[in-house]
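Q: Numbering-wise, the working numbering puts 146 at position 14 of the sequence shown, and it's gapless, one number per residue.
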Amino acid sequence: MKEILIQWRLLYRLMQGLSAKAIVHLKNKEAYVPPVLGDPTPKHLSNPHLTHSSTSEGYETDSSSSSQSSLHTQSDYSKNEDLECVNKPKYICMQEVNFDHNALSDNESFDEPKSCMMPIEESIVVNIGTDSSVKEVKIGSSLSPEEQTAFIALLREYVDVFAWSYADMPGVDRNIAEHRIPLYPNSKPKQQKLRRMKPEVSLKVKEEIQKQLDANFIKPIKHPEWLANVVVVPKKDGRVRVCIDFRDLNAASPKDYFPLPHIDILVDSTAGHAMFSFMDGFSGYNQILMAEDDMPKTSFITPWGTFCYRAMPFGLKNAGATYQRAATTILHDLIHDTVEVYVDDMIVKSHDRGEHISSSKSFFDRIRKYNLRLNPQKCVFGVTSGKLLGFIVSKDGIKVDSDKVKAIQELPPPRTEKEIRGFLGRIQYISRFISQLSTRCEPIFKLLRKNVPKKWNEECQASFDSMKEYLSNPPVLMPPKPGEPLILYLTVTETAMGALLAQYQEGTKREIAIYYLSKKFLDYETRYNPLEKACIALIYATKKLRHYLQAHTTFLISRLDPIKYIFEKPILTERFARWHAMLSEFDIQCVNQKSVKGRAISEALADGPISGDEVDDDFPDEHLLNIGISRWKMYFDGASNRRGNGAGVLLVDPYGTHIPFAVKLSFSTTNNTAEYEACIYGVKAALAAGAKYLTVYGDSNLIISQTIGVWRVRDERLQMYTEYLQQFIPYFEDINFKHLPREQNSFTDALANLAVNLTWENNVKIRVVTIEENDSPVVNLEHMIAALNLQDDKDAWYADIKKFLITGQYPEESHKKDQLAIRRLAAHFVILKDRLYRKGFDGTLQLCIDGEEIQKIMGEIHGGECGPHMNGRMLARKILRAGYYWTTLESDCVHFVRTCKKCQFFTNLNHMPPTSLHNLTSPWPFSSWGIDIIGQIHPKASNGHQYILVAIDYFSKWIEAASYAKLGEKQVSKFVINNIICRYGVPFEIISDNGSHFEGHLKETLEKYKVRHH
133 MKEILIQWRL LYRLMQGLSA KAIVHLKNKE AYVPPVLGDP TPKHLSNPHL THSSTSEGYE
193 TDSSSSSQSS LHTQSDYSKN EDLECVNKPK YICMQEVNFD HNALSDNESF DEPKSCMMPI
253 EESIVVNIGT DSSVKEVKIG SSLSPEEQTA FIALLREYVD VFAWSYADMP GVDRNIAEHR
313 IPLYPNSKPK QQKLRRMKPE VSLKVKEEIQ KQLDANFIKP IKHPEWLANV VVVPKKDGRV
373 RVCIDFRDLN AASPKDYFPL PHIDILVDST AGHAMFSFMD GFSGYNQILM AEDDMPKTSF
433 ITPWGTFCYR AMPFGLKNAG ATYQRAATTI LHDLIHDTVE VYVDDMIVKS HDRGEHISSS
493 KSFFDRIRKY NLRLNPQKCV FGVTSGKLLG FIVSKDGIKV DSDKVKAIQE LPPPRTEKEI
553 RGFLGRIQYI SRFISQLSTR CEPIFKLLRK NVPKKWNEEC QASFDSMKEY LSNPPVLMPP
613 KPGEPLILYL TVTETAMGAL LAQYQEGTKR EIAIYYLSKK FLDYETRYNP LEKACIALIY
673 ATKKLRHYLQ AHTTFLISRL DPIKYIFEKP ILTERFARWH AMLSEFDIQC VNQKSVKGRA
733 ISEALADGPI SGDEVDDDFP DEHLLNIGIS RWKMYFDGAS NRRGNGAGVL LVDPYGTHIP
793 FAVKLSFSTT NNTAEYEACI YGVKAALAAG AKYLTVYGDS NLIISQTIGV WRVRDERLQM
853 YTEYLQQFIP YFEDINFKHL PREQNSFTDA LANLAVNLTW ENNVKIRVVT IEENDSPVVN
913 LEHMIAALNL QDDKDAWYAD IKKFLITGQY PEESHKKDQL AIRRLAAHFV ILKDRLYRKG
973 FDGTLQLCID GEEIQKIMGE IHGGECGPHM NGRMLARKIL RAGYYWTTLE SDCVHFVRTC
1033 KKCQFFTNLN HMPPTSLHNL TSPWPFSSWG IDIIGQIHPK ASNGHQYILV AIDYFSKWIE
1093 AASYAKLGEK QVSKFVINNI ICRYGVPFEI ISDNGSHFEG HLKETLEKYK VRHH
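1. Run through DSSP, which three-state label would glutamate 807 get?
2. Taking DSSP as the reference, what is the three-state secondary structure of histidine 712?
3. Can you look up glutamine 635 in the DSSP assignment and give me helix, strand or coil?
4. Quick one: give me the first and last residue of the alpha helix (DSSP H) that phenylalanine 1037 is part of.
5. Output the boundary residues of the beta strand (DSSP E) element that contains phenylalanine 1130.
6. Output the boundary residues of the beta strand (DSSP E) element that contains glutamine 978.
7. Can you tell which of Asp300, Ala683 and Glu985 has its C-alpha closest to the C-alpha of glutamine 419?
8. Give the straight-line distance between the Cα atoms of serine 798 and alanine 810, rounded to the nearest whole angstrom.
9. Go ahead and label aspartate 597 buried or exposed: buried means 16 or more other beta carbons lie within 10 angstroms of its beta carbon, across all protein chains shown.
10. By the DSSP assignment, the alpha helix (DSSP H) with tyrosine 856 in it spans what residues?
11. Alpha carbon to alpha carbon, how far is leucine 1021 from isoleucine 954? Give it in angstroms, no decimals.
12. By Cβ distance, which residues of its chain are closer than 7 Å to glycine 1076, with the 5 residues on each side in sequence left out?
13. At a threshold of 7 Å, does glycine 1015 count as lining the ligand MG (C-beta to nearest heavy atom)?
14. Thinking C-beta only, is glutamine 541 closer than 8 Å to leucine 1152?
15. Measure from the alpha carbon of isoleucine 646 to the alpha carbon of each residue in Tyr767, Ala453 and Gly404, then state which is nearest.
16. By the DSSP assignment, the beta strand (DSSP E) with phenylalanine 973 in it spans what residues?
17. Considering only the alpha carbon of each residue, which of Leu649, Gly996, Val512 and Thr827 lies closest to glutamate 1221?
18. Could you check if tyrosine 787 is buried or exposed, using at least 16 other CB atoms within 10 Å of its CB as the buried criterion?
19. Ordered along the chain, which non-local residues of its own chain (more than five positions away) have a Cβ less than 8 Å from that of alanine 1093?
20. Buried or exposed: where does cysteine 1114 fall if 16 or more other Cβ atoms within 10 Å of its Cβ makes it buried?
21. The alpha helix (DSSP H) spanning glutamine 280 covers which residue range?
22. I'd like the list of long-range same chain contacts for cysteine 440, defined as Cβ closer than 6 Å, with 5 residues on each side in sequence excluded.
23. According to DSSP, is proline 321 part of a helix, a strand, or is it coil?
24. Indicate the three-state DSSP secondary structure (helix, strand or coil) for cysteine 511 in the structure shown.
25. Indicate the three-state DSSP secondary structure (helix, strand or coil) for glutamate 643 in the structure shown.
26. Which two residues bound the contiguous alpha helix (DSSP H) that contains glutamate 664?
27. Please work out which residues of its chain come closer than 6 Å, Cβ to Cβ, to phenylalanine 1130, disregarding the five sequence neighbours upstream and downstream, and give them in chain order.
28. Do the segment 512-519 and the segment 381-400 make contact, defined as three or more Cβ pairs closer than 8 Å?
29. Straight-line CA distance for leucine 620 to threonine 460?
30. Quick one: grab the DSSP three-state call for lysine 796.
31. With burial defined as no fewer than 16 other Cβ atoms inside 10 Å of the residue's Cβ, what is the status of arginine 642: buried or exposed?
32. Between isoleucine 341 and serine 409, is the Cβ-Cβ spacing less than 8 Å?
33. May I ask which residues mark the beginning and end of the alpha helix (DSSP H) holding lysine 988?
34. How long is the line joining the alpha carbons of arginine 715 and valine 784, rounded to whole angstroms?
35. Determine the direct distance from the alpha carbon of lysine 665 to that of aspartate 655, and round the result to whole angstroms.
36. For the beta strand (DSSP E) that contains leucine 603, what are its first and last residues?
In C-alpha cells form, the structure reads like this:
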C-alpha cells in the first residue's frame, strides 16, 4: 500500500510538472498498424481488448478492464460529455494503449465509451452475417417490417464497410490522408532520459509493449532523434496503464487550424429530419497511417528498447484536425445535404423516410471507396431521434440532453470557487435554451467577483434550486425554416443584453424559439449611452447568430433603433464605421413590435449573460458556411394617373444582381389593375429567369392580401387577375408574398412613373437603364486642384508620412526619435486613391494639401464667390470643415487675411488696444485668502528660521508672509489673527491644502469668527 501511495505521489508531481490542471479522457479508439516485414517474432497474443474508464479527477481507476485513452487537443475536449468547468484544462499530450489479459476471438467486439452521436430510442439487433459467422448490427425498433427488410438487405450488401476486428481494417487511403508532423525551423530534437522503474513495474510495461508489437501498432527503431518517455499509471487491479509523453514534440510542431464543424450549425442542420442513422469510425484515429518520414518522431523509450508508431496515435497535437480533414475530404459533397460529420462520428439523415435507404447507400459507397471502416457496435440505423453533441435532435426540434439535465439537477451545492465555475460551465453549454439567466443566477455570479466573500448563502441556494426547477422542463428549440423571415428580440439593460431569435411556425401565427443569447457588458461598455449599448448588443448578436442572419431577412424588435442610428449617423467614427460595414451584409429591418403580429414574448428574452466576453468588432473570418436556399426577390408597383399607366418591376437574383423593368400600359387601367399587371409581369419574368424560390414584395396591401387569401376578392375584374396569377404559383418550388411599406418600394415606384411619363417611338427598344450616384458636383474644388497639375509630393510636408504608410520605410539618415514621431503621426492619417487624408477628431477625413493647393483653397474659401472675407481663425475652421488640412493651417490663414487687399480697404478698423480678460476669483479685496507653507529651507537662516508662512489675497494679489524656526498649529492660528483679521478685517473664506498645520487651533479660530475654510 505504501509503494502504491508513493507511485501516485510521483505521478501527481509528474503531472504538475507537465503543467496540467486535469487529465481528461477521450473516447477509446483501437489502433491499426499495417503489416510490417522484418519485425521480430515475439510471443503471440491475439486480439487486444481495449476498454475505457476514468474518475472525475482524470486519474484512471478501471476496476474490471484496462483501457486506451489519451490526453490531447481541444478539438477532442469539445466532445467530452462531462463539460465541467468554464476554464478548460491544459492538456498533457500522451498516447496510451492497454490490452485485456484475456484474448478475444477474431469476431468479438470491443468495449468503447459512448459516442457524441447516439440514438435514444430502442433498437433491434440483427445478424447480417451467416449462421456460422455472426455479425450483429442494430436497427431502429420503430421501423416497419418492410423498412426492416430493406435495411437488412442494404447492410448485408455493404457488410465489408464494418470492421469486426483489426484484421478488417485496411486503413484509410494514403492519397486521402496520412498524418504528418511538421516542425518549426529552429526546433531541436529532444531525447528524454529513461525514468527509473521498479522491476515489477518494468515487467508490466514490457507486457504492454509486447501486446502493441503483436498488434502491429508500433515497431522497434534505432537511433531516433526524438525520444519521449512513458508515463506509467497504476490501476486498482495491479495492472498499469502506459502513456507516452508527447509534450516536447507537440511544442515543436505548429498547430493545424483545420476547423471542426460549428456545433450550432451541425445541430440545426440535423434537427427536423424524419430519420437518422448514427455511425462511428472503428478505432478512430488509428485508421489513419503515419507518414513514413514522420514515424521516427513518435519514438519513445522503455526499459526494453525504443519504439515508434506506425499509425496515428492519440495525443499528437494535430491528430483531431487530420481526422476531420480526412472525413471532410471523403464526404465533402454529402455534408450538409444527407450527411453530417464530427471527427469520427457520422450521421446520415433524410427528410423523407423512403429516401433514407438511398442516402445510406451513397454514404456506404463513398466510405467503401476510401477504406474507411465503421464500428458495428456503435452504429444504429433507421431511428427517429438521437443524441448529438449533448443535444437531442429529432423531427420535432432540438432538446437538451436529459443526462446533462440530470447531472446538473443531482449536483450538490458548490462549496468552492472551482465548483461554482464548474456549475456555471455546465449551464453555459446549454445556455441556448435558458432565458432570464442572470435573474436566476445573479447571486451565484456575485460570488465570482473580486474582493467578494465566497460564502454560499440562502439567496445562492434559492438561485441554485430555481435553475434546477427551470431545467426540469426546458424549452424545445427549432432550426429556422428556409425562406421565412426571422424575428430578433433585443433587450438592453444597464449592465447586460439579451436576445431571442424566433420565427413564425409554418402555417400558423405562433412564434417558435430558435436561439437564446445573453451577454454581460464589460466595465467600459457600461459607460456607453443607451443607443451605443443597443448597437454593441446588435453587433454581438449578429456575430453569434451570423449563420442564421445571412440566409434570412430579419425583423429587429427593440425599444431603440440601432440600425437607424448607425446607418443614418452623418459622421462615423472608426468604431461606428466598423459596425456600419459589419451590419451592411445582413438584411435587418427594425420594426415596431405592434407591426409584428403574434404574442409578445419579450419576457422570455435572455435577461443576462453567463460571462462578460468582449465584443470582437473586427471583421469576421468566413469560417461558417451559409446553408440557406438561394432565393430570388421580386418588387413590383403600378401607377395610373392622367398622364398614363405603367408598371415597374425589379428582379433581384440570389447574387444581388438587380434587373429593372419599366412597362408602359397602353390601355385603360385602374390603380389596382395596374398593380396586378406589374405583379404578374414580374412573376413571369422570374419564371423566365429560372427562379424556383421567389419572394414577392409589393406596397399594395390589397393585392398582397387578396393573393394569399386573407381578403376576399369581390370585384369581378380583380378576381380574373387573381385567378390568372394563381396559375403561375405551381411552377415554383416555393413562393411568398410580402407587404412592403411604400417608402421601402421607391425604386419600383420610380420605374412605374418612368414608364408613365416617357414617350418613345415604337421602333426604338431600350435594353439598359444605367443608374448611378454622384457624391460630389461635377465642378468642385478637388477637380480644380487636380487641373492645376501641381508638383510631386516629394517636397510636401507630408512626404515622409505618406512614404511610411505606403512602403513602411523611414527617411534616410533619420534617428530613432524621428522614426518614433513618424509612426505616431502616421496613426492619424490614411491613404485613399493615392491621396493622403488626416483623420479628424469628429470622424471626418481631411485631404492633406501643400504648395499652390494651399493658396488656391484659402483664396476660394476666403474671397471666392461665396467668400465672406472672414478673419484668419474663422478661415482656418472653415477650411477644416471643408475637408482640407496642412500643418501650418492657422498661421497661414492669419497671414493670408492680413495680406488680403480687399480686407485692408473695406474692413472696420478697431483702435482699441487688445487686452486680455481676467476672471474675478474674489468679488472684493481681502474677502478670499489663500494660505500655504514654504519649507523646510536648507540651510537655515542666520536667525535659525526655516519655514515661511504665506497668505495671498485673491482680489488684490497682496501678500502677507512671516518666517518661523518651528511652525505648528498655534503659530498658524496666531498668524491669521495678527496678519489678516487685525489688519484687513474678517475675511469671507480662507483656502488651504488642509494639511495638519491648518487643523486644530486654526479650525477653532475660523469657526469662532465664522470664516469658511476649505
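Where is the CB? At the ideal position from N, CA and C, for every residue including glycine. Nothing here was measured: the structure is a model prediction, and the numbers come from that model.
A: Well, looking at it:
1. As a first step, residue 807 must be located in the sequence shown, where it is residue number 675. Helix at glutamate 807.
2. Working through the sequence shown from its first residue, we reach residue 712 at position 580. Histidine 712: helix per DSSP, three-state reduction.
3. Your numbering for residue 635 matches position 503 in the sequence shown. Glutamine 635 falls in the strand class under three-state DSSP.
4. Counted from its first residue, the sequence shown places residue 1037 at position 905. Looking at the DSSP string, the run of the alpha helix (DSSP H) that includes phenylalanine 1037 is 1033-1038.
5. Numbered from its first residue, the sequence shown carries residue 1130 at position 998. Counting along the chain, phenylalanine 1130 falls outside any beta strand (DSSP E), and DSSP gives it neither H nor E.
6. Position 846 of the sequence shown, counting from 1, holds the residue named residue 978. For glutamine 978, the uninterrupted beta strand (DSSP E) segment begins and ends at 977-980.
7. Numbered from its first residue, the sequence shown carries residue 419 at position 287. Each of Asp300, Ala683 and Glu985 was checked against the Cα of glutamine 419, and the nearest Cα belongs to Asp300.
8. Taking the sequence shown and counting its residues from 1, the one referred to as residue 798 is at position 666. Taking the sequence shown and counting its residues from 1, the one referred to as residue 810 is at position 678. The alpha-carbon atoms of serine 798 and alanine 810 are separated by roughly 13 Å.
9. Counting from 1 along the sequence shown, the entry for residue 597 is found at position 465. So aspartate 597 ends up on the exposed side.
10. Position 724 of the sequence shown holds residue 856. That run of the alpha helix (DSSP H) goes 848-858.
11. Position 822 of the sequence shown, counted from the first residue, corresponds to residue 954. Position 889 of the sequence shown, counted from the first residue, corresponds to residue 1021. Isoleucine 954 and leucine 1021: Cα-Cα distance of roughly 19 Å.
12. Locating residue 1076 in the sequence shown gives position 944, counting from the first residue. Taken in chain order, the residues that qualify are Ala1097.
13. The ligand content of the structure shown is nil, which means the ligand MG is not present either.
14. Given that the chain is displayed from residue 133 to residue 1146, the structure contains no residue 1152 and the question cannot be resolved.
15. Stepping through the sequence shown from its first residue, residue 646 is reached at position 514. Ranking Tyr767, Ala453 and Gly404 by Cα distance to isoleucine 646 puts Gly404 first.
16. Position 841 of the sequence shown, counted from the first residue, corresponds to residue 973. Element bounds for phenylalanine 973: n/a, residue is neither H nor E.
17. Nothing about residue 1221 can be reported from this structure: the residues present for the chain run from 133 to 1146 only.
18. For the purposes of this step, residue 787 is identified with residue 655 of the sequence shown, where counting begins at 1. So tyrosine 787 counts as exposed.
19. In the sequence shown, the residue the question calls residue 1093 occupies position 961. Excluding five sequence positions before and after alanine 1093, the CB atoms of its chain that fall closer than 8 Å to its own CB belong to Ile1080, Leu1081, Val1082 and Ala1083, given in chain order.
20. Counted from its first residue, the sequence shown places residue 1114 at position 982. By the neighbour-count rule (16 or more Cβ atoms within 10 Å), cysteine 1114 is not buried but exposed.
21. Position 148 of the sequence shown, counted from the start, is the residue given in the question as residue 280. That run of the alpha helix (DSSP H) goes 277-289.
22. As a working note, residue 440 is residue 308 in the sequence shown. Same-chain partners within the cutoff: Ile353, Met427, Pro428, Thr430 and Ser431.
23. Position 189 of the sequence shown, counting from 1, holds the residue named residue 321. Residue state, collapsed to three classes: coil.
24. In the sequence shown, residue 511 corresponds to position 379, counting from 1. Looking at cysteine 511 - three-state DSSP - the assignment turns out to be coil, as it is neither helix nor strand.
25. In the sequence shown, counting from the first residue as 1, residue 643 sits at position 511. Glutamate 643 falls in the strand class under three-state DSSP.
26. For the purposes of this step, residue 664 is identified with residue 532 of the sequence shown, where counting begins at 1. Glutamate 664 -> alpha helix (DSSP H) spans 662-676.
27. Translated into positions along the sequence shown, residue 1130 becomes position 998. A distance below 6 Å between beta-carbons, with the five flanking residues on each side excluded, links phenylalanine 1130 to the following residues of its chain, in chain order: Ser1124.
28. no
29. Here residue 620 corresponds to residue number 488 of the sequence shown, with the count starting at 1. Here residue 460 corresponds to residue number 328 of the sequence shown, with the count starting at 1. Going by C-alpha positions, leucine 620 is about 33 Å away from threonine 460.
30. Stepping through the sequence shown from its first residue, residue 796 is reached at position 664. Residue state, collapsed to three classes: strand.
31. Within the sequence shown, residue 642 is the residue found at index 510, counting from 1. Per the 10 Å Cβ criterion, exposed.
32. Residue numbering aside, residue 341 sits at position 209 when the sequence shown is read from its first letter. Residue numbering aside, residue 409 sits at position 277 when the sequence shown is read from its first letter. The answer is no: Cβ separation not under 8 Å.
33. In the sequence shown, residue 988 corresponds to position 856, counting from 1. Here the alpha helix (DSSP H) through lysine 988 covers 984-995.
34. Translated into positions along the sequence shown, residue 715 becomes position 583. Translated into positions along the sequence shown, residue 784 becomes position 652. Rather than arginine, the amino acid found at residue 715 in this sequence is leucine. If I take the Cα positions, the gap works out to 20 Å.
35. On the sequence shown, position 523 is the one that residue 655 refers to. On the sequence shown, position 533 is the one that residue 665 refers to. Taking the straight line from one Cα to the other gives about 12 Å.
36. Within the sequence shown, residue 603 is the residue found at index 471, counting from 1. Premise fails: leucine 603 lies in the alpha helix (DSSP H), 590-603, not in any beta strand (DSSP E).
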